[in-house]
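Peer 1: Below is a structure I'd like to ask you about.
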Ligand code: PMP
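Numbering (the UniProt record's numbering), first residue to last: 1 to 438.
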């Protein structure tokens, strides 16, 4: 089983310092529930639901069986006037939990593909409505929207753009919403809604008729969980409406119960025109993502093309892959049968209390959190941005997997966690973040 007789020379690891990894490999061999095991058999608690993917816990039998059965029944379907019934069933199921009216669904395989698909849908919509000059996008500092060229252009985490020269899309950034006064706020900060007026300023500067869409994560995830101030998303909605700009919520992390509702959009009571989702859609077991759009957006694009050709000349070989559809349907059934979104909401108070109990530790400079996601800002070391990876290694050695980003940790356990699981995770955090020698 644990055959470790392989060369590590050939696999170029993503998002990883490969030299450091080779010196000190951190591998997972097995996973079940909220636990990983290393090839040596050491147990590691999973404090980030994989990568915000495995909301229902690892190794779900129901998903494994659905995938196995689907490969035997129909392993692949082509596009170009072909489809499989299972993709319609999945889209219909999703429509049942998506915000009212946002019930037309386009499938892809990753969050990055969903973001770039959403950008192209926004452009196609404006063209269909006779406004092809709306080609500019607005996003936000500290935002993360995947790594394809559109998403890299939208990225407000500058490190994600730095190495890739001039990227193709025309993007203007708003400010992020964090400030010093918000430190140690549990839930939504009271002040800061007016930062949405950045969108109004951008409209004045560039002309609203040039802007296609504004992309935001309702809670900025990858930077370390930055929760929107009360009223901020509502204000973005108002300004976008005033100027005919599409509002896009990137719910790749916040979707599927992470905030306490199916989607953050419902949790915060603001409905976007377009929404991206991925990760927990299949509980991380099979790659899949989706873009949900308002009915009128799909209708406008479809009715604008009279000729017998695809209305949206866009898609991927693996869009609506039947095996991914089967995994997603099995996942949504688990969420529904086990009432996992409700469970996550109920667990959130205990979770956030645990996180905020770390407040006075020497390595903690800020805590943020909402629902079942939190950000632990670390006291920076001599090299800004380096503390996260030091702490991440120390946590791994102590038996906890948590994703680090710069000087922050993103602690977001699975929705199936028990109170004991959470307490065990917080204990490891307390031990490591209590150290003064980091
Ligand atoms: N958007 C957001 C908000 C994300 O958090 C991520 C992944 N962390 C992506 C897009 C990209 O997803 P993927 O890595 O599946 O391409």
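All C-beta atoms in this analysis are idealised placements derived from N, C-alpha and C, irrespective of residue type, glycine included.
Every value quoted in this text rests on a predicted model; they were computed, and no experiment measured them.
#1: Just the residues with CB closer than 6 Å to a heavy atom of ligand 1, in chain order, which are they?
#2: For residue 292, which residues does DSSP report across the bridge?
#3: By Cβ distance below 6 Å, which residues in the same chain neighbour residue 419 in space, the five residues on each side in sequence not counted?
#4: Could you give the distance in angstroms between the alpha-carbon of residue 205 and the alpha-carbon of residue 213?
#5: Determine the direct distance from the alpha carbon of residue 215 to that of residue 172, and round the result to whole angstroms.
#6: Assuming residue 177 and residue 195 are in contact, meaning their beta carbons sit under 8 Å apart, how far apart are those beta carbons, in whole angstroms?
#7: Using C-beta distances below 7 Å, list every residue in its chain close to residue 272, excluding the 5 sequence neighbours before and after it, in chain order.
#8: Span of the alpha helix (DSSP H) holding residue 268?
#9: For the stretch 400–411 against the stretch 306–325, do three or more pairs of beta-carbon atoms, one drawn from each stretch, fall closer than 8 Å, so that the two count as touching?
#10: With the cut-off set at 8 Å, would you say residue 289 and residue 278 are in Cβ contact?
#11: Return the residue from the list 53, 168, 75 and 364 that minimises the CA-CA distance to residue 318.
#12: Using a Cβ-Cβ cutoff of less than 7 Å, which residues in the same chain neighbour residue 152 once the five nearest sequence positions on both sides are dropped?
#13: Please classify residue 41: does DSSP put it in a helix, a strand, or coil?
#14: DSSP three-state call for residue 357: helix, strand or coil?
#15: Return the residue from the list 108, 361 and 372 that minimises the CA-CA distance to residue 342.
#16: Taking a contact to mean a Cβ-Cβ separation below 8 Å, would you say residue 294 touches residue 102 in this structure?
#17: DSSP three-state label for residue 405, please.
#18: For residue 67, which three-state DSSP category applies?
#19: Whose C-alpha, out of 157, 4 and 390, is nearest the C-alpha of residue 38?
#20: What do you reckon, are the CB atoms on residue 57 and residue 414 nearer than 8 Å?
#21: From residue 263 to residue 145, what distance separates their C-alpha atoms?
#22: Determine, using beta carbons only, whether residue 368 and residue 227 come nearer to each other than 8 Å.
#23: Measure the beta-carbon distance from residue 48 to residue 396 and round it to whole angstroms, keeping in mind my assumption that it falls under 8 Å.
#24: Between which residues of its own chain and residue 447 is the CB-CB distance below 6 Å, once the five residues before and five after are set aside?
#25: Report yes or no: do the stretch 103–119 and the stretch 293–312 share at least 3 C-beta pairs separated by less than 8 Å?
#26: Apart from the five residues just before and just after residue 270, which ones in its own chain have a Cβ nearer than 6 Å to its Cβ?
#27: Round the Cβ separation of residue 190 and residue 218 to the nearest angstrom and send it over; I've been treating them as touching at under 8 Å.
#28: Where do the ends of the beta strand (DSSP E) carrying residue 127 lie?
#29: Closest by CA to residue 124, which one among 314, 336 and 331?
#30: Please report the distance separating the alpha-carbon of residue 82 from that of residue 16.
#31: I'd like the ranges of any beta strand (DSSP E) spanning at least 3 consecutive residues and lying wholly in the stretch 136–171.
#32: Expressed to the nearest angstrom, what Euclidean distance is found between the alpha-carbon atoms of residue 483 and residue 358?
#33: So what's residue 339 in DSSP terms, helix, strand or just coil?
#34: I need the straight-line Cα distance from residue 65 to residue 6, nearest angstrom please.
#35: Helix, strand or coil for residue 305 per DSSP?
#36: Determine the DSSP secondary structure at residue 382, reduced to helix, strand or coil.
Peer 2: Once the coordinates are examined:
#1: 110, 111, 112, 115, 144, 145, 146, 217, 221, 222, 250, 252, 253 and 278
#2: Counting from 1 along the chain shown, the entry for residue 292 is found at position 292. Partner(s): 105 and 275.
#3: Numbered from its first residue, the chain shown carries residue 419 at position 419. Correct list, in chain order: 350.
#4: Within the chain shown, the letter at position 205 stands for residue 205. Within the chain shown, the letter at position 213 stands for residue 213. If I take the Cα positions, the gap works out to 15 Å.
#5: Here the question's residue 172 lines up with position 172 in the chain shown. Here the question's residue 215 lines up with position 215 in the chain shown. Rounded to the nearest angstrom, the two C-alpha atoms are 11 Å apart.
#6: To locate residue 177, count along the chain shown from 1; it is residue 177. To locate residue 195, count along the chain shown from 1; it is residue 195. Yes, residue 177 and residue 195 are in contact; Cβ-Cβ is about 5 Å, under 8 Å.
#7: By one-based count along the chain shown, residue 272 stands at place 272. These residues qualify, in order along the chain: 247, 248, 249 and 265.
#8: Here residue 268 refers to the residue found at position 268 when the chain shown is read from its first residue. Segment 264–268, the alpha helix (DSSP H) holding residue 268.
#9: no
#10: As a first step, residue 289 must be located in the chain shown, where it is residue number 289. As a first step, residue 278 must be located in the chain shown, where it is residue number 278. Yes, the pair counts as a contact, with Cβ atoms nearer than the cut-off.
#11: Stepping through the chain shown from its first residue, residue 318 is reached at position 318. With distances taken between Cα atoms, residue 318 lies closest to 75.
#12: As a working note, residue 152 is residue 152 in the chain shown. Around residue 152: 160, 161, 164 and 167.
#13: The residue labelled residue 41 in the question sits at position 41 within the chain shown. Coil at residue 41, not helix or strand.
#14: On the chain shown, position 357 is the one that residue 357 refers to. If DSSP states are grouped into helix, strand and coil, residue 357 belongs with coil.
#15: Residue mapping note: residue 342 aligns to position 342 of the chain shown, counting from 1. The shortest C-alpha separation from residue 342 is found at 372.
#16: In the chain shown, the residue the question calls residue 294 occupies position 294. In the chain shown, the residue the question calls residue 102 occupies position 102. Cβ atoms of residue 294 and residue 102: closer than 8 Å.
#17: Translated into the one-based positions of the chain shown, residue 405 becomes position 405. It is a strand residue.
#18: As a working mapping, residue 67 is identified with position 67 in the chain shown. The answer is helix: DSSP assigns residue 67 an H, G or I state.
#19: On the chain shown, position 38 is the one that residue 38 refers to. Of the candidates 157, 4 and 390, the one whose C-alpha sits nearest the C-alpha of residue 38 is 4.
#20: Translated into the one-based positions of the chain shown, residue 57 becomes position 57. Translated into the one-based positions of the chain shown, residue 414 becomes position 414. Yes, they are a contact pair.
#21: The residue labelled residue 263 in the question sits at position 263 within the chain shown. The residue labelled residue 145 in the question sits at position 145 within the chain shown. Computed Cα separation, rounded: 17 Å.
#22: Your numbering for residue 368 matches position 368 in the chain shown. Your numbering for residue 227 matches position 227 in the chain shown. Result yes, Cβ atoms of residue 368 and residue 227 sit closer than 8 Å.
#23: Start at 1 with the first residue of the chain shown, and residue 48 comes out as number 48. Start at 1 with the first residue of the chain shown, and residue 396 comes out as number 396. About 12 Å separates the two Cβ atoms, so there is no contact after all.
#24: Only positions 1 to 438 of the chain appear in this structure, which leaves residue 447 out of reach.
#25: yes
#26: Within the chain shown, numbered from 1, the residue matching residue 270 stands at position 270. Within the same chain, residue 270 has close Cβ partners 233, 234 and 237.
#27: Position 190 of the chain shown, counted from the first residue, corresponds to residue 190. Position 218 of the chain shown, counted from the first residue, corresponds to residue 218. The Cβ separation is near 17 Å, so there is no contact.
#28: Looking up residue 127 in the chain shown gives position 127. Taken as a continuous stretch (DSSP letters only), residue 127 belongs to no beta strand (DSSP E), being part of the alpha helix (DSSP H) at 111–128.
#29: As a first step, residue 124 is located in the chain shown; it is residue number 124 there, counting from the start. For residue 124, the nearest C-alpha among the options comes from 314.
#30: Counting from 1 along the chain shown, the entry for residue 82 is found at position 82. Counting from 1 along the chain shown, the entry for residue 16 is found at position 16. Going by the C-alpha atoms only, they are around 39 Å apart.
#31: 136–140
#32: As displayed, the chain neither begins before 1 nor continues past 438, which places residue 483 out of reach and without an answer.
#33: Your numbering for residue 339 matches position 339 in the chain shown. DSSP places residue 339 in coil when its eight states are reduced to three.
#34: Mapped onto the chain shown, residue 65 falls at position 65. Mapped onto the chain shown, residue 6 falls at position 6. Approximately 30 Å, taken between the alpha carbons.
#35: Sequence index remark: in the chain shown, residue 305 carries index 305 (1-based). Residue state, collapsed to three classes: coil.
#36: As a first step, residue 382 must be located in the chain shown, where it is residue number 382. Note: residue 382 maps to coil in three-state DSSP.
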